[in-house]
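Chemist: Take 176 as the starting number for the sequence shown in our numbering and just add one per residue. C-beta atoms are modelled at their ideal positions from N, C-alpha and C, and glycine is treated no differently. Values in this document were obtained by computation on a predicted structure and should not be read as measured data. One structure is given below, represented as structure tokens, and several questions about it will come after.
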Amino acid sequence: MDVQIHLPSHVRVADDRDDETMINANVHLVTPGETITNDPQFMKGHGAYNDGDHTLVSSLGGVVDQINKLITVRPLRTRYSGAVGDVVVGRIVEVGQKRWAVDVNARQHAQLMLSAINLPGGVQRRKSESDELAMRTFFAEGDMLVAEAQSVPTDRSIALHTRSTKYGKLRNGCLVTVPPALIVRCKSHFHSLPCGVDVILGLNGYIWVAAHVAAPPAIDEADARVTAEALYSNQNDEIDVATRLNIARVANCIRALASHDLPVSDTMIMYAYEVSLAYDQPAELLTASNARDVATQAQLMVQQSME
């Protein structure tokens, strides 16, 4: 069976586009095979290659970035690459020798070493063979956790740690996945919304939406003793129906924002939540028209608040 493929008769240069096709005056969108520039003074970076006499061509679809004379193309949708200090939400996929493999939406699994977690009781000591034998009592396959990126070596593998009391196993909630580029980097990624729902915005695109947990009373961290039940329990708490509906509503609001490529932050989520109250059931937000309405009105409310 013959297949006819029709190609464009010419290739447009990204710099010659009309302003109406651009997000703003400083953003150039290109498609694979599209000419970026013919100027010989520029050098090719990631996502670009030389084609002929000083012609830079995009090898993927994305946004053109220029750093001095270096031209790179940043893909619109990509895997999480990782950076030191990032807060990430992940899922345990494998228990190995003195380490766990964690799915963090990256090109390869992150590593959580046994030496990089808090032991029950808050004891600070070297991990022994008994601790290695009990690794599945800490984290088992399928467990969700929030951690911090400790290091990102040259091979782009990510090493995690959960030594702080705000990191560890996650319970009483659900996971929402969005493109990592939509997560707004801010001072804190742990948010308690006024609707009684806690949200952890992982910079890897994994968002944990859960029932609100009251903050523990202020104590001297040197004297803190955290029990194994509090740190590594697999038992969810009893959650009332109203809280479950709020969790589902917040999760669907996040999905609505992500489906329209809007940035995801605690402010945007709350605006979307307020708009979504016009619908009785959270499931109504899953329809395309209602999701578009929620996302559009939330974006308008953000713009009005900035004026």
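Would you kindly report the start and end of the unbroken beta strand (DSSP E) that includes S367?
Modeler: Residues 365-368.
Chemist: Say whether chain C places a C-beta atom closer than 8 Å to the C-beta of N409.
Modeler: Here there is only one protein chain, and chain C is not present.
Chemist: Where does P457 fall in DSSP's three states?
Modeler: Three-state result, P457: helix.
Chemist: Run the CB neighbour count on I422, radius 10 Å, all protein chains shown included, and call it buried at 16 or more, exposed below.
Modeler: When all chains shown are included, I422 counts as buried.
Chemist: By Cβ distance below 6 Å, which residues in the same chain neighbour I292 in space, the five residues on each side in sequence not counted?
Modeler: Cβ neighbours of I292 beyond the five flanking positions: T337.
Chemist: Just how far apart, CA to CA, sit D190 and V239?
Modeler: Residue confidence is low: D190 scores 41 on pLDDT, short of 50, so the model does not pin down where it sits. Its coordinate-derived value is still stated next. Distance between the alpha carbons of D190 and V239: 10 Å.
Chemist: Once you ignore the five residues that flank T352 on each side, which residues in its own chain have a CB closer than 8 Å to its CB?
Modeler: Result list for T352: N280, G380, Y381, I382, in chain order.
Chemist: In chain order, which continuous runs of the beta strand (DSSP E) of length 3 or greater are located wholly inside the region 346-387?
Modeler: Counting only runs of 3 or more, we get 348-352, 365-368, 372-376, 381-386.
Chemist: Where do the ends of the beta strand (DSSP E) carrying S233 lie?
Modeler: Element bounds for S233: 231-233.
Chemist: What's the gap between the Cα of L245 and the Cα of L432?
Modeler: Computed Cα separation, rounded: 33 Å.
Chemist: Nearest-angstrom Cα distance between G236 and R249?
Modeler: Answer to the nearest angstrom: the Cα atoms are 8 Å apart.
Chemist: Does DSSP put N293 in a helix, a strand or coil?
Modeler: In the structure shown, N293 sits in coil (DSSP, three-state: anything other than H, G, I, E or B).
Chemist: Comparing C-alpha positions only, which one of I444, M443, N465, T442 sits nearest to A453?
Modeler: For A453, the nearest C-alpha among the options comes from N465.
Chemist: My guess is that N427 and L461 are in contact by the Cβ rule of under 8 Å, so how many angstroms apart are they, rounded?
Modeler: Correct: roughly 6 Å between the Cβ atoms.
Chemist: What is the DSSP secondary structure of N243, counted as helix, strand or coil?
Modeler: Looking at N243 - three-state DSSP - the assignment turns out to be coil, as it is neither helix nor strand.
Chemist: Specify whether the region 275-289 and the region 219-229 touch according to this definition: at least 3 beta carbon pairs, one from each stretch, less than 8 Å apart.
Modeler: No, because fewer than three Cβ pairs between the region 275-289 and the region 219-229 fall closer than 8 Å, the two stretches do not touch.
Chemist: Can you tell me which of the three DSSP states I211 falls into?
Modeler: If DSSP states are grouped into helix, strand and coil, I211 belongs with the strands.
Chemist: Mapping DSSP to helix, strand and coil, what is A315?
Modeler: Residue state, collapsed to three classes: coil.
Chemist: Are the beta-carbon atoms belonging to V372 and S440 less than 8 Å from one another?
Modeler: Cβ distance not < 8 Å, so V372 and S440 don't count as in contact.
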